[in-house]
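Participant: Which chain is which? The protein sequence lines are A and V, in order. Reminder that position 367 of the first sequence reads as 367 in our numbering, one-by-one numbering, no gaps. Reminder that position 73 of the second sequence reads as 73 in our numbering, one-by-one numbering, no gaps. Pasting a structure below so you can have a look.
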Amino acid sequence: LIIMNSVVSPVSYSGSPQQQEVKEDIVSSSEEEEEEEEDAAADMKTLTSGGGDLPQEFWQVQKLVRYLKVGNQTATIIALCNLADFDLKAQYCQVAIIDAGGLEVMANLLETDDVKCKIGSLKILKDIVEHPDIRKSITKMGGIELMVQILSDSNKKLKLHAAESLAKLAKYKKGRRIVRKNNGIPKVVDLLDVDNTKVENCIDNNEVDLSLDMQVARGGAYALWSLCKSKKNRMLIKKAGGFPLLAKLIKSKNISLLIPVIGTLQECAAEKSYCMAIQAEGMVQDFVSNMLNDNIELRRHCASAIFKCAQEEETRALVKSNGGLEPLVELIKDHSNHDNKELMAAVTGALWKLSMSDDNVKTFQELELVPVLINLLKENAEGLDDLQFNLGKIQILTNIVGAIAESAKAPQNRETIRETGGLKPVIKLIASTSPGLLVNVAACIGQMAEDVETIEQIRNLDGVRLLWSLLKNPNESVQAAAAWSLSPCIRNAENSGDMVRSFVGGLELVCGLLESKDQQVLAAISFAIANIAKDKENLAVITDHGVIHKLARLAVTQDDLLRSKLAEAISNCCELETNRALFGKAGAVAPLVSYLTSVDLEVHRTTAAALHQLSKDPWNCVTMHQSGVVPHLLRLIGSEDEAVQEAAADCLQNIRKLALACEKFRYQHNKA
Amino acid sequence: MTEVSIMIRKQEKKMTEILVKKTHFSMGEIERLLHLYREKNGGETDKMDRTLFREFLHDCFDMTDDILMDRIFKYFDSVNDGCINREEWIMGLNVFLKGTEDEQIDYCFTIYDLNGDGYISKEEMLTMLKTCLVRQGLEEDGDEGVKDLIEMTLKKLDLDKDGKVSFSDFESTVKAENLMLEAFGPCLPTNRTGEIFIQNYMDSQEG
């Protein structure tokens, strides 16, 4: 499962695009507790419950365990070799070993000095620890600590087998922790340290296996792949110098080595520091070139890596310049891939993030990506019921909708989406409970709503009302995304005022969200209110709901995004004359003046407009003047933005008018 | 130095030059091994007998199995005259310490083939493995466990299913699973003893 979901606030405003981690209640896959995955592991009872006899092999395995216990070194080796011939991944085998008390023997063998015994034991352990009871027992017996110690041995074969066993044991949180606490990470990292020449020489040939040194590196890579599912471990791997070693190994042509190496890198790319390093080392190129490989698993990991790294703008450009966009589109166009859910998740994820760059959207347009995405969406959105529980499908849908949302920045794509009937399936997904998916759905609708033609379609599909209902969603990122997307709907719809009023309790809901603790929500809602307030009737309604006081309360914020939206809302609310004085009384004016100290141009624009509106009330002028607004206004008059110039000038004029009136009054009074 | 010893030295030099070509050793290593031979032999004689050789195996490589040590002696004593001369010493140690995988497979098979008939039979296995399981004391037929283990091992090794282990059976099995090389008992140095020996007796002693 992929971790990150981001919100792009699709509404065009001149502030910087906001990327925000969706607040998921579910923890990311990197920290998933796999401990609870056991269905009851087979034990003696379940094996015999079928009524049949235990297979012959069961007894043979048990006998061999006995010989292990009572044998000398020679007998031990022979017994171990014989044991390894059985199907160790089969449950009956594993149960036989447990039942005969074989685990303790295996663990004890790891403590001896005998290299052969250790290797023999590790070879068996590697397979049997897939059984949960065995894994737990071996862990309890200190098996992991022993294996970590073995990593320090000079014997390469020993290190190789220890690494392979650790790779299995470190798939679980407890195992990872034990390796970490026993200083295992630097030791595993060391395994990857091979000569450059050895890397270059290893050929991509499945018959001839790698040299021993490279096998050790591969074993180490598998161990790292398991270990790096923990965030702490990822940082330790970097600290231990793991990254340059991975960078060296990725140049290899050998698929069996590339898979764990790239697998590890894509897992680690959850950390920004890795993404930056990958970018700097030129590894994006390696991901792209390996995506052309026949091996589907390899392609998937490359796509995953790109998905995660494409958070960075430069990486997105690098993927394009290295020709990475075409293979991704090809993968998704190939219908035979559609059943491979993990592959689809990775590729759609990559396409989503890559679409954050306009350059890439252009290329995707040429490759006719959008219709493919729409079809894929329709394919995957079938059977809404199982959606709630099918995490894999949800991830794919989240990514697809995210990609569509980003693509919808381009007007031509919006047309395509409209014409291929893409809106309906997207809107239908509002029924989902996944925050990540909902955020992208909202963003998509909002982006589509930039076109007046589309709004009607959205309305007909009940999209605006459904979007509004998302404001009730407990997840704050969802609320914010919905709120951002409502603004273009409100702005562009015909009879917008009526439409808004038709949502029962809608306005009350919006005003209520002004009490949220979340900055994004506040900014988005303020912006929505700014748009709602353009309709006189609705302005009266929200004034009744106490919006003035609520907005004023927020005015002290230092956050520029919120400031700019707040100012816009205040500005529009002043269309109702009585609100101007109300704002003043509620203490909104003085904070607004301090907004002008910000460097953000958007803040200046909306604040100038707000101050102008507020200055129509004389008491506000007094407050403004006392707050030292005049030098700021003088500065703004020189602004490049015409609207700012005018607003500042008008505001200043009102203040001067008042000042003059005061002078006149005083003069007259003194005269009297 | 006596005249005899001067002659022997000259002989050695010549032999060393020939042996360098036939073995994995360097000149220096051969010289030092010959020096060791002299030491272990306790004198100038060119004949190390079985007892001295077994002492050597025991002291330097912790070997204790009589049957196997005997077989090793026989392997070294290629001309089969009951003693190991210098040449046999070097040639034997060549495989013993620095044998390639193929050489070692050949060596082990020869060791385990007790009667030298080209096959390792069940009876031979029983001879070598007789004491490999600790007796539980209460068993009537004390060998039952060993016989069973041998049965399993034979099945594993006997690829052509003729009831005995030929060289090619052995070779194929070991190449697939290297741990089976010394399946019937230790007859080669362990990593540790090998390393220590090389360090002490073969590496040049200058810094």
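We treat Cβ as the ideally placed atom computed from N, Cα and C, and that holds for glycine. Only a predicted model underlies this, so the values are computations on that prediction, with no experimental measurement involved.
Between Ala-79(A) and Leu-68(A), is the Cβ-Cβ spacing less than 8 angstroms?
Facilitator: A contact, by the Cβ cut-off of 8 angstroms.
Participant: Would you decide whether Trp-225(A) is buried or exposed? Buried here means 16 or more other CB atoms lie within 10 Å of its CB.
Facilitator: buried
Participant: How would you write the range of the alpha helix (DSSP H) that Gln-558(A) sits in, first residue to last?
Facilitator: Element bounds for Gln-558(A): n/a, residue is neither H nor E.
Participant: Using 8 angstroms for Cβ pairs, my map puts Tyr-107(V) next to Met-128(V). What's the rounded Cβ distance?
Facilitator: About 15 angstroms; that fails the 8 angstroms criterion.
Participant: Enumerated in chain order, which unbroken segments of the alpha helix (DSSP H) with a length of 4 residues or greater are wholly contained in the segment 553-592 of chain A?
Facilitator: 560-573, 577-585
Participant: If I'm right that Glu-602(A) touches Lys-550(A) with Cβ under 8 angstroms, what's the distance once you round it to whole angstroms?
Facilitator: Wrong, their Cβ atoms sit about 22 angstroms apart, outside the cutoff.
Participant: Report all residues from its chain with a CB closer than 6 angstroms to the CB of Pro-710(A); omit the five preceding and five following residues, and keep chain order.
Facilitator: An answer regarding residue 710(A) cannot be provided, because it is not within the stretch 1 to 672 covered by chain A.
Participant: According to DSSP, is Gly-497(A) part of a helix, a strand, or is it coil?
Facilitator: Of the three classes helix, strand and coil, the one that applies to Gly-497(A) here is helix, per DSSP.
Participant: With distances taken between CB atoms, is the gap from Ile-134(A) to Ile-128(A) smaller than 8 angstroms?
Facilitator: yes
Participant: Quick one: which residues of the segment 180-199 of chain V get their C-beta closer than 8 angstroms to a C-beta of chain A? List them in chain order.
Facilitator: Met-180, Glu-182, Ala-183, Phe-184, Gly-185, Pro-186, Thr-190, Asn-191, Arg-192
Participant: Kindly say whether Glu-32(A), judged by its beta-carbon, lies nearer than 8 angstroms to any beta-carbon of chain V.
Facilitator: Low confidence applies here, because Glu-32(A) scores a pLDDT of 42, under 50, leaving its location unreliable and the question unanswered by this model.
Participant: Could you please tell me which residues of the segment 32-53 of chain V, in chain order, have their CB closer than 8 angstroms to any CB of chain A?
Facilitator: none
Participant: So for Asp-193(A), helix, strand or coil by DSSP?
Facilitator: Three-state DSSP puts Asp-193(A) in coil, outside helix and strand.
Participant: Considering only residues of the same chain and omitting the five flanking positions on each side of Asp-617(A), which have a CB-CB separation below 7 angstroms?
Facilitator: Only Arg-580, Ala-581, Gly-584 meet the Cβ criterion.
Participant: On the CB-based measure, 16 or more other CB atoms within 10 Å of its CB, does Cys-662(A) come out buried or exposed?
Facilitator: exposed
Participant: Would you mind listing the alpha helix (DSSP H) stretches within the segment 327-360 of chain A that are 4+ residues and don't spill past its ends, in chain order?
Facilitator: 341-354
Participant: Using three-state DSSP, classify Met-7(V) as helix, strand or coil.
Facilitator: Reduced to three states, the DSSP call for Met-7(V) is helix.
Participant: Could you compute how far the alpha carbon of Thr-193(V) sits from the alpha carbon of Lys-116(A)?
Facilitator: 14 angstroms
Participant: If we cut at 8 angstroms on Cβ distances, does Leu-219(A) have a partner in chain V?
Facilitator: Correcting the residue identity first, residue 219(A) is Gly in this sequence and not Leu. No - not a single Cβ of chain V is within 8 angstroms of the one on Gly-219(A).
Participant: Report all residues from its chain with a CB closer than 6 angstroms to the CB of Gly-242(A); omit the five preceding and five following residues, and keep chain order.
Facilitator: Contacts found: Val-189.
Participant: How far does the alpha helix (DSSP H) with Lys-156(V) in it extend, from its first residue to its last?
Facilitator: 144-157
Participant: Inspect the beta-carbon positions of Thr-363(A) and Leu-391(A) and report whether they are closer than 8 angstroms.
Facilitator: no
Participant: Quick check: the segment 507-526 of chain A against the segment 470-477 of chain A, are there 3 or more CB pairs under 8 angstroms?
Facilitator: yes
Participant: In chain order, what residues of the same chain have a beta carbon less than 6 angstroms from the beta carbon of Leu-64(A), not counting five sequence neighbours either side?
Facilitator: Ala-79, Asn-82, Leu-83
Participant: State whether the segment 4-22 of chain V contacts the segment 641-657 of chain A, with contact taken as three or more CB pairs (one from each stretch) at a distance under 8 angstroms.
Facilitator: no
Participant: Specify, as a first and last residue, the run of the alpha helix (DSSP H) that Asn-290(A) falls within.
Facilitator: 283-290
Participant: Considering just the uninterrupted stretch of the alpha helix (DSSP H) at Thr-139(A), what are its terminal residues?
Facilitator: Boundaries of the alpha helix (DSSP H) around Thr-139(A): 132-140.
Participant: Mind pulling the chain C residues with CB within less than 7 angstroms of Val-134(V)?
Facilitator: Given the protein chain composition of this structure (A and V), no chain C is represented.
Participant: Taking 7 angstroms as the limit between beta carbons, can you name the residues of its chain near Ala-524(A), skipping five residues before and five after?
Facilitator: Within the same chain, and ignoring the five residues on either side of Ala-524(A) in sequence, the residues whose Cβ sits closer than 7 angstroms to its Cβ are Ala-480, Ala-483, Trp-484.
Participant: Out of Asp-65(V), Leu-52(V), Arg-38(V), which one is the CA nearest neighbour of Glu-182(V)?
Facilitator: Asp-65(V)
Participant: Kindly give me the distance between the Cβ atoms of Val-441(A) and Ile-455(A), rounded to whole angstroms, as I take these residues to be in contact under 8 angstroms.
Facilitator: The Cβ separation is near 16 angstroms, so there is no contact.
Participant: Alpha helix (DSSP H) containing Asn-72(A): first to last residue?
Facilitator: It is not in any alpha helix (DSSP H) - Asn-72(A) carries neither H nor E in the DSSP assignment.
Participant: Taking 8 angstroms as the CB-CB limit, is Leu-149(V) close to chain A?
Facilitator: yes
Participant: Straight-line CA distance for Gln-279(A) to Leu-354(A)?
Facilitator: 14 angstroms
Participant: Identify whether Leu-133(V) lies in helix, strand or coil by the three-state DSSP scheme.
Facilitator: strand
Participant: Give the DSSP bridge partners of Val-165(V), in chain order.
Facilitator: Beta-bridge pairing links Val-165(V) to Ile-120(V).
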